[in-house]
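Visitor: In our numbering, the protein residues as written are 1 to 165.
Virtual Cβ for every residue (Gly too), placed ideally from N, Cα, C.
I'd like to ask some things about the structure below.
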């Protein structure tokens, strides 16, 4: 199990779909070798340096947090089924209402689609708020997501970063 890195009133809480097996085993967010989250975050201007997974707690000093939509670790996010999203939505909502982030950035479309019942989403900012927070949908940085090169990820994440200032 992976522990949330979260605090009150953060600028952004980045929400992964669920932990990868390596991250769950290591106890650090985005610790898989092929995961591009930390590199993308730095290159998009969120952090002045690339955070190492072992130092994932340091993300709080930049007013960002980390959580997952579903707690169960899997090798691939597509191993989750709709019942797992359905059983996690209430605790996720309660967490967001309690911590009051300004923005929730879902990494990939799957969790937000499952949580809202939407059939189609675009990348970037969403019109509606969720638990009082602005919503952004960003491409998943997993190395398994071959549809997005690093530069593509950085472009999408940079758009969110620019919207914060």
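So what's residue 136 in DSSP terms, helix, strand or just coil?
Guide: As a working mapping, residue 136 is identified with position 136 in the chain shown. In this structure, residue 136 counts as strand in the three-state DSSP scheme.
Visitor: Tell me whether the beta-carbon of residue 13 lies closer than 9 Å to the beta-carbon of residue 104.
Guide: Start at 1 with the first residue of the chain shown, and residue 13 comes out as number 13. Start at 1 with the first residue of the chain shown, and residue 104 comes out as number 104. Yes, Cβ-Cβ distance for residue 13 and residue 104 is below 9 Å.
Visitor: Is the beta carbon of residue 85 closer than 9 Å to that of residue 111?
Guide: On the chain shown, position 111 is the one that residue 111 refers to. On the chain shown, position 85 is the one that residue 85 refers to. Yes, these two residues count as a Cβ contact at 9 Å.
Visitor: What would DSSP say about residue 59, mapped onto helix, strand or coil?
Guide: Translated into positions along the chain shown, residue 59 becomes position 59. Helix, per DSSP.
Visitor: Go ahead and label residue 16 buried or exposed: buried means 16 or more other beta carbons lie within 10 angstroms of its beta carbon, across all protein chains shown.
Guide: Along the chain shown, one-based indexing puts residue 16 at 16. Result: buried.
Visitor: So for residue 64, helix, strand or coil by DSSP?
Guide: Within the chain shown, numbered from 1, the residue matching residue 64 stands at position 64. Note: residue 64 maps to strand in three-state DSSP.
Visitor: Using the Cα positions of residue 27 and residue 38, report the straight-line distance between them to the nearest angstrom.
Guide: Residue numbering aside, residue 27 sits at position 27 when the chain shown is read from its first letter. Residue numbering aside, residue 38 sits at position 38 when the chain shown is read from its first letter. Cα-Cα distance, rounded: 15 Å.
Visitor: Note down the Cα distance separating residue 88 from residue 9, rounded to an integer number of angstroms.
Guide: If you number the chain shown from 1, residue 88 lands on position 88. If you number the chain shown from 1, residue 9 lands on position 9. Between residue 88 and residue 9, the C-alpha separation is close to 22 Å.
Visitor: Buried or exposed: which applies to residue 20, given that a residue is buried once 16 or more other Cβ atoms fall within 10 Å of its Cβ?
Guide: In the chain shown, the residue the question calls residue 20 occupies position 20. Buried is the call here.
Visitor: I'd like to confirm the pairing. Which residues does DSSP put opposite residue 12 in its beta bridges?
Guide: On the chain shown, position 12 is the one that residue 12 refers to. For residue 12, which the question treats as bridged, DSSP gives the partners 64, 103.
Visitor: State the DSSP-derived secondary structure class of residue 5, mapped to helix, strand or coil.
Guide: Start at 1 with the first residue of the chain shown, and residue 5 comes out as number 5. Looking at residue 5 - three-state DSSP - the assignment turns out to be strand.
Visitor: Determine the DSSP secondary structure at residue 74, reduced to helix, strand or coil.
Guide: As a first step, residue 74 is located in the chain shown; it is residue number 74 there, counting from the start. In the three-state DSSP reduction, residue 74 falls in the strand class (E or B).
Visitor: Classify residue 125 as helix, strand or coil using the three-state DSSP reduction.
Guide: For the purposes of this step, residue 125 is taken as residue 125 along the chain shown, with counting starting at 1. Looking at residue 125 - three-state DSSP - the assignment turns out to be strand.
Visitor: Leaving out the 5 sequence neighbours to the left and right, which residues in its chain are closer than 7 Å to residue 45 when beta-carbon positions are compared?
Guide: Residue 45 sits at position 45 when you count from the first residue of the chain shown. Closer than 7 Å at the Cβ level, and outside the excluded window around residue 45, lie 158, 161.
Visitor: Would you list the residues sitting across from residue 45 in a DSSP beta bridge?
Guide: The count along the chain shown starts at 1 and reaches residue 45 at position 45. Checking the DSSP bridge columns, you'll see residue 45 has no partner listed.
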